[in-house]
Amino acid sequence: MELTGADIVIQSLKAEGVEFVFGYPGGAVLHIYDAFYKQEDVQHILVRHEQGATHAADGYARATGKAGVVLVTSGPGATNAVTGIATAYMDSIPMVVITGQVPKHLIGNDAFQEVDSVGITRPVVKHNFLIEDVKDIATTFKKAFYIATTGRPGPVVIDIPKDVTAERCEFNYPSEIKMRSYNPTVKGHIGQIKRATELLVSAERPMVYTGGGVILGDAAEQLTTLTRKLGYPITNTLMGLGAYPANDRQFVGMLGMHGTYEANMGMHQCDVLLAVGARFDDRVTGNLEKFCPDAKIIHIDVDPSSISKNVKVDIPIVGHVAQVLDNFLKVLDETGMEPNTSALEKWWAQIEEWRSQDCLKYDSASELIKPQYVIEQLHELTKGDAFVTSDVGQHQMWAAQYYGFNKPRRWINSGGLGTMGFGMPAAIGVQLAYPDETVVCITGEASIQMCIQELSTCKQYGLPIKVICLNNGYMGMVRQWQEFFYEKRYAMSYFDALPDFVALTESYGHSGIQITRPADVRGALEEALARKDELVFLDFITDKTENVYPMIPAGAGLNEMILV
Amino acid sequence: MRHIISILLENESGALSRVAGLFSARAYNIESLSVAPTDDPSLSRMTIVTTGTDEIIEQINKQLNKLVDVVKLMDMTADVHIERELMLIKVNATDGERDEVKRLVDIFHGSVIDVTDTTYTIEITGNGDKLNAFMEALSSISILEVVRSGLIGISRGDKAFG
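From first to last, the protein sequence lines stand for chains L and R. Residue numbering for the first sequence follows the working numbering, beginning at 180 and increasing consecutively. Residue numbering for the second sequence follows the working numbering, beginning at 5 and increasing consecutively.
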């Protein structure tokens, strides 16, 4: 049967099993919206700004592992989506973004709402397409989902001129696709895995360091099994939290710029480092010259270009992390190799000594609300099982340090790009995917204002997100850097005018509570969590001067932390 | 160090800008770049001359391989290979200069492909050094215009890339 291009778009999404499309209509995509109107298979979620659509799709993707889907119009629709596309790209999140384009004969004409979407998005996508023929729509969608979700995942943009969505052709969705130029199936080299296993068990001061790749590659189970079997200390990056249960003794916390003392000292002094699905980002390594000076490094990653990009590694293994870790376990079983337990005992004694520093302690007797306390209470009340999204800044670091994630895909934040405004729309995607789960957005009064319009989307779809705003009146992380490195010249980091968040939330049709005393924190959280069917905005007025500790200043090594 | 990277890529609109964009986004050098379709019209062959430390060259190779439009890639620097570049050059040639220029063209195995009363246009091929040497030899002659194609290369022997 012949269908219009617009119908083929919808049918292709349906064939890919897409539940939700996050979008915003406009001239160039009206044919597609008309096709949406005539069907009920794919649900369209109307956001209030295209950036919100991309973050919502991104949150959905991070929580479920499936590709998030976005639909925006040409021109400003596409440019507004760019921040969200770049956010997904930096964190390797599978996403398919459909952008409308002006009709083919107007391309290059500076037409109304025309922008070179393929050109603008090129540096921040895994791949992108401009569809010039209605016959190419189905194949292009198949390719887009295939590229977005395989190998190292990432966003793919499909730009469709308006006239193409009106043309007709026969619809056949390909059941599989092969591309001569794209072959993402890589198996870890078994010889390398054997060598790596030998090195790993020979370690006297081992460290396991894992990143977002373990979450994306659904390898948390294998990682946990292997780490427990070896009895080694493990640290997660910001993107990797939840891959190993935070409440386990072997977990030494997050590493890097705001990592724990024990994690960073462990990294600095280890003799064998097993890096899994992590990319040695500058926020993790600190000064590269001083990074892991004594360590032999094994690095497992699905993307060859991540290997030896920043830090030269001794044993590289390119492959899917789950499959490679399975092979590690197999090699251990088959050969009966065992770790050096007496050396390990000494190493653990050293780690426990570092741990006893209690680097995350804070003034719990304060009369002001300490942000750390809010997160700790939230952890207790949700048993570390909630889906937590965050924005970017101090609150993000406190959430990462104090929430204690025990499961993968529960911690959803913009790590690579550091996009303020991410948290609230991301929570929309998560809550839609898991309507019965507790979804919390931890934010600050600065970040939340960057996408606050999405409170309206939450109302439209009845999403009972719990917003936890750690309101210190400052762009806290900027203020902290200005305090430390700019002699307390607080240039533009203070808000002279903030909205009344409770009233603002109420005007969107939700309820809000302002909390000013530490004694009221737990009660407010309990109340909000008990209101299962509505969004509650908790505006915690916190200590303005609180800083995130530990901190590694720029240019320093992991062992040169500023402690509280 | 200087490297010559040969790439087979999908002959699609935008493929060139993906490669060029990668180099500028990651601050890699491009000394020259040439591209044209191959005997298979769905494929283009691109030759890039670049410079960088071993680590940077390794990253360039890996990042290029990651581009979805790149089908195959070879760093031919280490292999025995032939490099060629085409140069078209227009020079002033009047009176006694005409013989002198013609002699130089013969020595460098080039040819004069267009003539006016006052100018010669010369075609010459070879590796970059040869073309540079030719221009040097012309130093007493007034050069009006130079067009160079950028380098292309192919490996010696029966091994074929494709």
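Using N, Cα and C, we set each Cβ at its ideal position, and we do this for glycine too. Here the structure is a predicted model, which is why all the values come from computation and not from measurement.
Which residue wins for smallest C-alpha separation from residue i, given the options the options?
i, options, result
"A40/R", "T57/R, R30/R, I52/R", "I52/R"
"V208/L", "E293/L, G688/L, V510/L, S545/L", "E293/L"
"N362/L", "V481/L, Q573/L, H210/L, K509/L", "V481/L"
"G165/L", "I548/L, G595/L, S626/L", "Residue numbering for chain L in the displayed model covers 180 to 743; residue 165/L lies beyond these limits and cannot be assessed."
"G498/L", "G515/L, V393/L, I479/L", "I479/L"
"V74/R", "V119/R, I60/R, R22/R", "R22/R"
"S38/R", "L155/R, G25/R, E101/R", "L155/R"
"I111/R", "D99/R, A29/R, I126/R", "I126/R"
"V393/L", "Y673/L, M418/L, G410/L", "M418/L"
"S535/L", "A265/L, V303/L, I187/L, A442/L", "A442/L"
"S191/L", "L395/L, T721/L, R359/L, V275/L", "V275/L"
"V95/R", "A141/R, I60/R, G157/R, P45/R", "A141/R"
"R462/L", "G438/L, P204/L, T344/L, F674/L", "G438/L"
"K408/L", "A317/L, T344/L, L523/L, L395/L", "L523/L"
"D44/R", "E16/R, I64/R, Y124/R, A29/R", "E16/R"
Are the beta-carbon atoms of residue i and residue j separated by less than 8 Å?
i, j, result
"I224/L", "L714/L", "no"
"L434/L", "T416/L", "yes"
"L717/L", "I694/L", "yes"
"L47/R", "L12/R", "yes"
"L511/L", "T403/L", "no"
"V200/L", "V221/L", "yes"
"G572/L", "M656/L", "yes"
"W527/L", "M444/L", "no"
"K283/L", "D342/L", "yes"
"I9/R", "T54/R", "yes"
Hey, how far is the Cα of residue i from the Cα of residue j?
i, j, result
"L92/R", "N131/R", "14 Å"
"Q661/L", "N726/L", "11 Å"
"I476/L", "A185/L", "51 Å"
"A382/L", "G432/L", "21 Å"
"I27/R", "L68/R", "Here the sequence assigns Phe to residue 27/R, which means Ile is not the residue at that position. Computed Cα separation, rounded: 9 Å."
"P614/L", "I211/L", "27 Å"
"V297/L", "T514/L", "52 Å"
"L135/R", "E14/R", "31 Å"
"E666/L", "G688/L", "43 Å"
"L182/L", "Q639/L", "31 Å"
"C538/L", "Y552/L", "15 Å"
"V251/L", "S484/L", "31 Å"
"E685/L", "A235/L", "22 Å"
"M671/L", "Q659/L", "13 Å"
"A457/L", "S487/L", "12 Å"
"V451/L", "R588/L", "28 Å"
"Y216/L", "G333/L", "29 Å"
"D99/R", "M78/R", "49 Å"
"S354/L", "T622/L", "42 Å"
With 8 Å as the threshold, decide whether the Cβ of residue i is near any Cβ in chain L.
i, result
"A24/R", "no"
"D73/R", "yes"
"G132/R", "no"
"G18/R", "yes"
"A29/R", "yes"
"S21/R", "yes"
"E149/R", "no"
"K106/R", "no"
"E14/R", "yes"
"A62/R", "Here residue 62/R is Glu; the residue named in the question, Ala, does not match the sequence. Closer than 8 Å to some Cβ of chain L, the Cβ of E62/R qualifies, so yes."
"K66/R", "yes"
"K94/R", "no"
"K163/R", "no"
Answer with yes or no whether the minimum CB distance from residue i to chain R is below 8 Å.
i, result
"Y613/L", "no"
"I621/L", "no"
"Y361/L", "yes"
"V500/L", "no"
"H749/L", "Residue 749/L is absent from the model: chain L starts at 180 and stops at 743."
"V297/L", "yes"
"P483/L", "yes"
"P302/L", "yes"
"S191/L", "no"
"K488/L", "yes"
**Study point:** Three-pair Cβ contact test at 8 Å for the region 344 to 359 of chain L versus the region 302 to 321 of chain L
**Key:** yes
Practice item. Examine the Cβ distances between the region 257 to 266 of chain L and the region 580 to 587 of chain L and report whether three or more of them are shorter than 8 Å. Key: no
Review point. Are the region 639 to 651 of chain L and the region 589 to 607 of chain L touching by the rule of at least three beta carbon pairs closer than 8 Å?
Key: yes
Point to revise | Residues of the region 362 to 387 of chain L with Cβ closer than 7 Å to any Cβ of chain B, in chain order | key: Going by chain labels, chain B is absent from the structure shown, which instead holds the protein chains L and R.
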